[in-house]
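A.B. asks: Count along the sequence shown from 1, add 225, and you get the number used in this note's numbering. Just so it is clear, CB atoms sit at the ideal spot from N, CA and C, and this is done for glycine as well. Could you have a look at this structure, given as structure tokens, before my questions?
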Amino acid sequence: MEIQLAQVKHLRDVCKLLEALNTGKRTFSDKKQNLFFITKQWCYIVVESGNVVGVMVLEPTEGSYKIYTLVSKQKGTGKLLVNWAIDICRKNNIPKLWCWSLARYRAEGFYKKMRFAETFLLHKQGDGVDCYFFGKLI
Numbered sequence: 226m227e228i229q230l231a232q233v234k235h236l237r238d239v240c241k242l243l244e245a246l247n248t249g250k251r252t253f254s255d256k257k258q259n260l261f262f263i264t265k266q267w268c269y270i271v272v273e274s275g276n277v278v279g280v281m282v283l284e285p286t287e288g289s290y291k292i293y294t295l296v297s298k299q300k301g302t303g304k305l306l307v308n309w310a311i312d313i314c315r316k317n318n319i320p321k322l323w324c325w326s327l328a329r330y331r332a333e334g335f336y337k338k339m340r341f342a343e344t345f346l347l348h349k350q351g352d353g354v355d356c357y358f359f360g361k362l363i
């Protein structure tokens, strides 16, 4: 498996994978939005045997990086991408990595294994659904 910056030629594959995150109110697979992330060089993909098997959008925010989206269709790919994000934080002297995750994605165990020490369940946020905040000091 190889991690690389997504290019415009990967847009279709990126959007296809991100469909798994779509809700009734949010469309993470939106082509225009993901093209923006690709052109900003915030979108990373995992490629295996020529196929895109994982996607992560890593958005720089005020003094931190936010995992905007993370999805994989192969075991170990999510861990690989989060470790990649941690390395990017270290290389850029960024002290914190964080993300939001809708409770329905059931990602709490994953982020706990990845040693995200800050975990907060927030009820009825944004779109009126429960979500988690996960944070990790680097």
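Beta-carbon of F359 versus every beta-carbon of chain C: anything under 8 Å?
C.D. replies: No chain C appears in this structure, which consists of one protein chain only.
A.B. asks: Taking only the alpha-carbon atoms, compute the straight-line gap between Y269 and E287 and give it to the nearest angstrom.
C.D. replies: Straight-line Cα distance between these residues: approximately 20 Å.
A.B. asks: Measuring straight from C-alpha to C-alpha, what distance separates S297 and L242?
C.D. replies: Cα to Cα, the separation comes out at about 7 Å.
A.B. asks: At a threshold of 7 Å, does K256 count as lining the ligand ZN (C-beta to nearest heavy atom)?
C.D. replies: Inclusion of the ligand ZN in the displayed structure is not the case, the ligand content being empty and no account of it being possible.
A.B. asks: Is DSSP giving F262 helix, strand or coil here?
C.D. replies: Three-state result, F262: helix.
A.B. asks: Evaluate the contact criterion for the segment 314-322 versus the segment 348-356: three or more CB pairs, one atom per stretch, below 8 Å.
C.D. replies: Output reads no: the segment 348-356 does not touch the segment 314-322.
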